[in-house]
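In the UniProt record's numbering, the protein residues as written are 1 to 175.
Spelled out as structure tokens, the structure:
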């Protein structure tokens with residue numbers, strides 16, 4: 001079976017771009033597929049790198065902070081597909097509004113949370129030290145919590161933590 005390698009291509013901006021290649025070209029066996037998660041993580045990492053390169057002034061990853069990550073997440077809101085009702089909207093707090101309204105479309109909290117998780121992992125896979133990870137910054141965690149709470153109130157849906165069910169304790173029969 002052909003091994004698949006993931007090459008990293010450093011750039012002058014400090015962002016490493018992922019490429020996945022087959023290291024034994026011309027063989028008849030097909031390579032094992034790269035997981036959907038790995039593909040999405042690579043695309044997200046490359047998108048963030050493009051964002052940093054297009055930033056004015058351009059940023060290197062080493063100078064990127066939690067504030068830049070928040071700027072990136074707010075930038076992504078313009079491409080969102082989730083209706084988030086403002087407090088003045090008559091449908092605020094209703095999970096299924098009966099009519100359209102002019103409230104903005106935003107990125108869903110779950111999508112942002114998953115994106116930050118993938119970028120956090122990609123940062124460390126590309127040589128970043130965990131203690132310097134801008135995606136793990138306290139400001140990013142607080143922003144995600146704020147988005148979650150705002151969206152849950154706007155839709156009338158709560159995002160409660162799932163509680164683990166405890167298995168009943170099994171005691172040996174008395175002798």
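The C-beta atom is built at its ideal place from N, Cα and C for all residues, glycine as well.
If you're wondering where the values come from, they're calculated on a predicted model, not measured in any experiment.
Subject >> Alpha-carbon spacing of residue 48 relative to residue 87, whole angstroms >> reply: 32 angstroms
Original post:
By DSSP, does residue 47 sit in helix, in strand, or in coil?
Top reply: helix
Subject >> Under the three-state DSSP convention, the category residue 59 falls into >> reply: coil
Original post:
Among residues of its own chain, excluding the 5 on either side of residue 136, which ones have a beta-carbon nearer than 6 angstroms to its beta-carbon?
Top reply: 120
Original post:
Which first and last residues belong to the alpha helix (DSSP H) in which residue 116 is found?
Top reply: 109 to 125
Subject >> Nearest candidate by alpha-carbon position, reference residue 147, set 97, 108, 65 and 131 >> reply: 108
**OP:** Note the first and the last residue of the continuous alpha helix (DSSP H) segment covering residue 73.
**Re:** 66 to 76
Original post:
With a cut-off of 8 angstroms, do at least 3 Cβ pairs link the region 78 to 87 to the region 98 to 108?
Top reply: yes
**OP:** Report yes if the CB atom of residue 45 is closer than 9 angstroms to the CB atom of residue 126, and no otherwise.
**Re:** yes
**OP:** Could you give the DSSP three-state label for residue 81: helix, strand or coil?
**Re:** coil
Original post:
Across which residues does DSSP place residue 105 in a beta bridge pair?
Top reply: 83
Original post:
Between the C-alpha atoms of residue 155 and residue 55, what's the straight-line distance to the nearest angstrom?
Top reply: 33 angstroms
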